[in-house]
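Report on one structure; see the data block that follows.
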Ligand code: CAO
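Residue numbers (UniProt numbering): 1 to 552.
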């Protein structure tokens with residue numbers, strides 16, 4: 001009985017792919033179709049199965065080797081149950097055929113296909129097709145990573161495909177705007193199928209193949225901080241159980257991301273479709289591990305199945321309890337949901353509460369409201385809050401700073417731009433009012449009406465929401481006594497404002513009615529400590545209480 005070679009089959013547009021796992025040992029008896037090794041490139045993970053049943057006499061690869069199509073993985077002595085010589089021949093032929101499939105003609109055709117059918121001159125519609133995906137046909141789309149209208153870069157993953165043996169992401173062949181999506185989650189596709197129509201940006205905006213794929217539509221600012229989760233002891237979190245990591249249900253870019261952070265995917269519970277592990281799951285896991293390291297529990301035990309202690313959202317069929325209707329979140333809400341989730345997980349928040357006595361400020365505002373209105377200005381308490389916050393940003397330089405990515409330096413800003421949370425029909429937007437420290441109350445009030453109006457009408461531009469040093473979220477016009485706003489990273493503080501109310505205040509000899517404005521100041525505890533936070537909130541209260549100091 002002669003041993004036969006098991007070769008790497010047609011694996012699509014990949015060459016020199018790393019063996020991340022060897023699933024068998026010499027001497028093992030394997031079944032036909034039993035996976036022998038797992039390969040992983042930056043875009044795909046796939047298992048290579050045995051083409052025959054039999055006994056492994058020699059392994060030709062080890063973990064860390066790189067292989068290409070046609071390379072021999074192992075020698076197998078075919079067993080009786082495999083059907084003898086006939087099946088050996090089949091296996092050989094199969095491996096051979098796989099090799100033949102990737103003939104030069106076909107691979108150049110695949111490359112042509114992958115570069116789109118039309119020339120990439122600016123503004124042309126380009127069809128993005130499923131490239132050569134090897135020995136796979138009718139593969140399920142398990143994730144659509146973009147939406148119509150999204151701007152994408154060349155090489156940015158658009159969809160994730162998954163067969164029973166492989167997961168791979170299909171990247172965009174051009175930079176441009178997605179004008180139409182031709183697939184949805186659950187569709188099945190084969191090589192050459194059109195995934196999306198893309199309005200080409202001109203073909204020059206390549207991001208390079210090494211760019212880390214971003215989850216969904218998260219902005220640059222949403223990129224997760226590459227946290228050192230070792231808590232000073234790299235051995236604690238960096239010991240990854242390779243076997244469980246290999247078996248985890250995650251896309252290649254999530255795997256790559258987990259490897260970069262030293263997160264053991266085997267311990268991360270997936271909250272995505274069919275329990276798939278998402279970027280957010282990895283972030284939650286890392287955050288949970290970090291919290292446990294910091295609280296002294298140690299990361300060795302910090303690997304709860306729920307992803308850093310955060311239980312995954314169970315997929316509940318609510319219709320069992322009564323009638324339901326499922327609606328999709330608006331695009332802005334999806335984006336802000338990702339941002340607040342990331343900020344809530346990554347920033348150690350504390351909220352400091354205080355009351356500002358705005359009796360005089362309100363008297364001033366009421367006295368000037370009509371006159372301001374005649375000048376086209378809507379004078380609300382928010383303009384005064386912006387001015388007081390600008391003064392605080394100048395007085396406390398750490399409040400007007402951002403942590404560097406390594407977490408070891410502060411970038412102090414010499415400008416004072418403040419974002420304001422605006423409730424719009426499509427979700428929360430944060431337009432920025434620039435140079436607040438250099439503007440008077442009227443000008444700030446004018447800017448506020450301008451940006452909030454444009455935000456509500458959907459006319460705000462991306463640039464209008466960049467460059468903030470601090471944020472204010474006012475629910476004063478709505479109600480409530482206090483809340484805990486979430487800091488917008490990389491800012492380090494946010495001021496929440498609730499509805500003012502008349503309260504009896506003891507003045508030393510009697511209770512006196514005073515108008516109190518509740519302030520809720522949330523801050524990043526890595527940058528600001530509690531005493532400073534109390535001073536900052538006190539400073540803002542003082543400025544609002546004594547308009548003379550504010551208007552100076
Ligand atoms: N206490 C009591 N009344 C207040 C107040 C406060 N703290 N702040 C504002 N008001 C009053 C205003 O004076 C105005 O009344 P008058 O017309 O009689 O003067 C009324 O409430 C409505 O104000 P407004 O909402 O039109 O204007 P604003 O400047 O206070 O706020 C804006 C503008 C855009 C911030 C606001 O409209 C908005 O969208 N707020 C929601 C923000 C939000 O959703 N935050 C939560 C985010 S999650 O962290």
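Note that the Cβ used here is the ideal one computed from N, Cα and C, for glycine as well.
Less than 6 Å between the CB of residue i and some heavy atom of the ligand CAO, yes or no?
| i | result |
| --- | --- |
| residue 381 | yes |
| residue 422 | yes |
| residue 439 | no |
| residue 497 | yes |
| residue 476 | yes |
| residue 171 | no |
| residue 541 | no |
| residue 425 | no |
| residue 349 | no |
| residue 341 | no |
| residue 485 | yes |
| residue 473 | yes |
| residue 251 | no |
| residue 500 | yes |
| residue 452 | yes |
Do you know how far the Cα of residue j is from the Cα of residue i?
| i | j | result |
| --- | --- | --- |
| residue 491 | residue 428 | 17 Å |
| residue 64 | residue 382 | 59 Å |
| residue 256 | residue 370 | 60 Å |
| residue 51 | residue 321 | 49 Å |
| residue 324 | residue 40 | 41 Å |
| residue 248 | residue 48 | 16 Å |
| residue 346 | residue 290 | 10 Å |
| residue 228 | residue 286 | Note that residue 228 scores 34 on pLDDT, short of 50, meaning its location in the model is unreliable; the coordinates nonetheless yield the value given after this. Roughly 9 Å separates the two Cα atoms. |
| residue 171 | residue 44 | 11 Å |
| residue 33 | residue 53 | 8 Å |
| residue 159 | residue 250 | 13 Å |
| residue 164 | residue 282 | 23 Å |
| residue 533 | residue 524 | 10 Å |
| residue 595 | residue 278 | The structure shown does not extend to residue 595, since the chain spans only 1 to 552, so no value can be given for it. |
| residue 530 | residue 438 | 29 Å |
| residue 544 | residue 349 | 25 Å |
| residue 152 | residue 79 | 51 Å |
| residue 315 | residue 275 | 9 Å |
With which residues is residue i paired in a DSSP beta bridge?
| i | result |
| --- | --- |
| residue 78 | 54 |
| residue 44 | 168 |
| residue 523 | 350, 493 |
| residue 466 | In the DSSP output, where bridge partners are listed per residue, residue 466 has none listed. |
| residue 514 | 503 |
| residue 3 | 77 |
| residue 141 | 161 |
| residue 35 | 49 |
| residue 409 | Looking at the DSSP assignment, residue 409 forms no beta bridge with any residue, so it has no partner. |
| residue 180 | 197 |
| residue 428 | 423 |
Only counting the same chain, and skipping five residues up and downstream in sequence, which positions put a Cβ closer than 6 Å to that of residue i?
| i | result |
| --- | --- |
| residue 434 | 417 |
| residue 442 | 377 |
| residue 232 | In this predicted model, residue 232 has a pLDDT of only 36, less than 50, meaning its place in the structure is not dependable; the value taken from the coordinates is given anyway. Excluding positions up to five away in sequence, the list is empty. |
| residue 396 | 536 |
| residue 344 | 486 |
| residue 14 | 41 |
Excluding sequence positions up to five away, which residues of its chain have a Cβ less than 8 Å from the Cβ of residue i?
| i | result |
| --- | --- |
| residue 527 | 398, 401, 403, 410, 492 |
| residue 58 | 3, 26, 74, 75 |
| residue 19 | 37, 38, 39, 61, 62, 63, 64, 65, 66, 67 |
| residue 185 | 141, 142, 143, 144, 273 |
Quick one: residues in its chain with C-beta nearer than 7 Å to the C-beta of residue i, no 5 flanking neighbours on either side, listed in chain order?
| i | result |
| --- | --- |
| residue 24 | 30, 36, 56 |
| residue 199 | 123, 125, 176, 177, 179 |
| residue 547 | 360, 361, 364 |
| residue 196 | 128, 158, 178, 180, 181, 182 |
Given 8 Å, three or more beta-carbon pairs between the stretch 344-357 and the stretch 510-519:
yes
Would you be able to state if there are at least three C-beta pairs under 8 Å between the stretch 523-540 and the stretch 361-379?
no
Using 8 Å as the Cβ pair cut-off and three pairs as the minimum, do the stretch 389-397 and the stretch 476-485 touch?
no
Inter-stretch contact at 8 Å, needing at least 3 Cβ pairs: the stretch 492-503 / the stretch 456-474:
Judged by Cβ distances under 8 Å, the stretch 492-503 makes contact with the stretch 456-474, as three or more pairs qualify.
Between the stretch 369-384 and the stretch 430-450, do three or more beta carbon pairs fall short of 8 Å?
yes
Is it a yes or a no for the stretch 170-183 touching the stretch 265-274, going by three-plus beta-carbon pairs under 8 Å?
no
Stretch pair the stretch 457-466 + the stretch 495-513: three plus CB contacts closer than 8 Å
no
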